[in-house]
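Each remark here refers to the structure printed beneath this line.
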């Protein structure tokens, strides 16, 4: 009897990515932490579509974005585990036999991190060490893709910001997210845990939590226009941003997951359309056909940690993994507004 054909390896060791890189996820054993949240749920959906065996871990801590509704269409094809990644005993079990971990567990609110710094420390630092220690002791051959953030850089010294820019965060959240990334890269260098970090910029799309401002200004803008209210744009409104639609962010995670030459590296994501906050507000109003905006002074607690203008260079990940954003801003906003018109009650 002829031998059964061998499956291609999950990880490609040399660039470029093979043309069939998406098929490498079929029947692989994958863990997604924070998998009921905004980006994690969209990633889970794509992995299931690719035929992966996905386990989702989420603590469902109130107000942090986890939402079972986000995976309603794939819930019968993914295993959902409600657990806290800070629990070393639970993580020791959950990381075993995984080919790959997409690590999106974390707290993203800048204001919350300043008001409750120890909570942010627990969620964005201790949790990362819990995951990494569980891997070191129980599955040292696993690969991890970590969700970092542009907030690690702080106030830009030059634009566009590349990976050589100094890391000097402006808030506790940025410091702890930078530490979380540093833990991953350290465990790569010292223990051989194959880890890579993606420094995300402003991500938007279906699945965002809209009931408060903890997931950034975009969620506030979206809810406000859907309810026909007034967007308040702080400062001058001329601060610049780059945005990524969530499908493009998911694509970056998936590419990083199959490229072993990315291990030990950190990559910026970024957008091609550089746009001011005032222009974002006007575009959302036009897309929704409702709402209005007003320029207002910064509240003091926000002014102290404001980073001014930010947009990043994604040249490093483009050259290494062939990634670039593909969804234009207007198209992404059309999709986003349409989604929330239908499902707004699930997110507020």
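In my numbering, the protein residues as written are 64 to 411.
We put the beta carbon where it would ideally sit given N, CA and C, even for glycine.
Note that the structure is a prediction, hence the values are computed from the model and not measured.
Minimum C-alpha distance to residue 284 - residue among 144, 396, 155 and 163 | 396
If you drop the 5 nearest sequence neighbours on each side, which residues of the same chain put their C-beta closer than 6 Å to that of residue 234?
-> 173, 176, 177 and 368
Neighbourhood of residue 228 by C-beta, 6 Å cutoff - its chain only, sequence neighbours within 5 removed = 216
When DSSP labels each residue in this structure, what does residue 299 get in the three-state scheme?
-> coil
Count the other C-beta atoms from every protein chain shown that fall within 10 angstroms of the C-beta of residue 220, then say buried if there are 16 or more, exposed otherwise.
-> exposed
Boundaries of the beta strand (DSSP E) in which residue 118 is found, first to last residue | 116–121
Straight-line Cα distance separating residue 218 from residue 330 = 18 Å
Secondary structure at residue 365, three-state DSSP: helix, strand or coil?
-> helix
Same chain only: Cβ atoms within 6 Å of residue 109, ignoring 5 sequence neighbours per side | 313
May I ask which residues mark the beginning and end of the alpha helix (DSSP H) holding residue 381?
-> 378–384
Is residue 380 close to chain B, meaning its C-beta is less than 8 Å from at least one C-beta of that chain?
-> No chain B is part of this structure, which consists of one protein chain only.
With 16 other CB atoms within 10 Å as the buried threshold, where does residue 79 fall?
-> exposed
Distance, Cα to Cα, residue 96 vs residue 306?
-> 23 Å
Whose C-alpha, out of 343, 179 and 321, is nearest the C-alpha of residue 294?
-> 343
Can you give me the Cβ contacts of residue 64 inside the same chain, cut-off strictly under 7 Å, excluding the 5 residues immediately before and after it?
-> For residue 64, the predicted structure reports a pLDDT of 43, less than 50, and the residue's modelled location is therefore unreliable. The matter cannot be settled from this model.
Would residue 76 be called buried (16 or more neighbouring beta carbons within 10 Å of its own) or exposed?
-> exposed
Going by beta carbon distance, what residues of the same chain come within less than 6 Å of residue 67, once the five residues before and after it are set aside?
-> Any reading at residue 67 needs caution, since the residue's pLDDT is 47, under 50, leaving its predicted position unreliable; the model's value is listed next. Nothing listed; no residue qualifies.
When the Cα of residue 196 is compared with those of 261, 152 and 391, which residue comes out closest?
-> 152
Thinking just about the alpha-carbon of each residue, which of 292, 244, 230 and 112 is nearest to the one in residue 191?
-> 244
Local Cβ density within 10 Å of residue 311, reported as buried at 16 or more and exposed below that | buried
Please report the Cβ distance between residue 98 and residue 121, rounded to the nearest whole angstrom; I am assuming they are in contact, meaning their Cβ atoms lie under 8 Å.
-> 6 Å
At 3 residues or longer, and completely inside the segment 87–156: list those beta strand (DSSP E) runs for me, N to C.
-> 92–96, 116–121 and 141–145
Can you tell me whether residue 73 is buried or exposed, with buried defined as 16 or more other CB within 10 angstroms of its CB?
-> buried
Would you mind reading off the limits of the beta strand (DSSP E) that contains residue 212?
-> 206–212
Using a threshold of 8 Å, state whether the C-beta atoms of residue 17 and residue 354 are closer than that.
-> This structure leaves residue 17 out entirely; the chain is present only between 64 and 411.
Which of helix, strand or coil does DSSP assign to residue 237?
-> helix
Residue from 275, 337 and 206 whose Cα sits closest to the Cα of residue 320 = 206
Which residues in the same chain as residue 149 place their Cβ atom closer than 6 Å to its Cβ, once the five residues preceding and following it in sequence are excluded?
-> 189, 190 and 193
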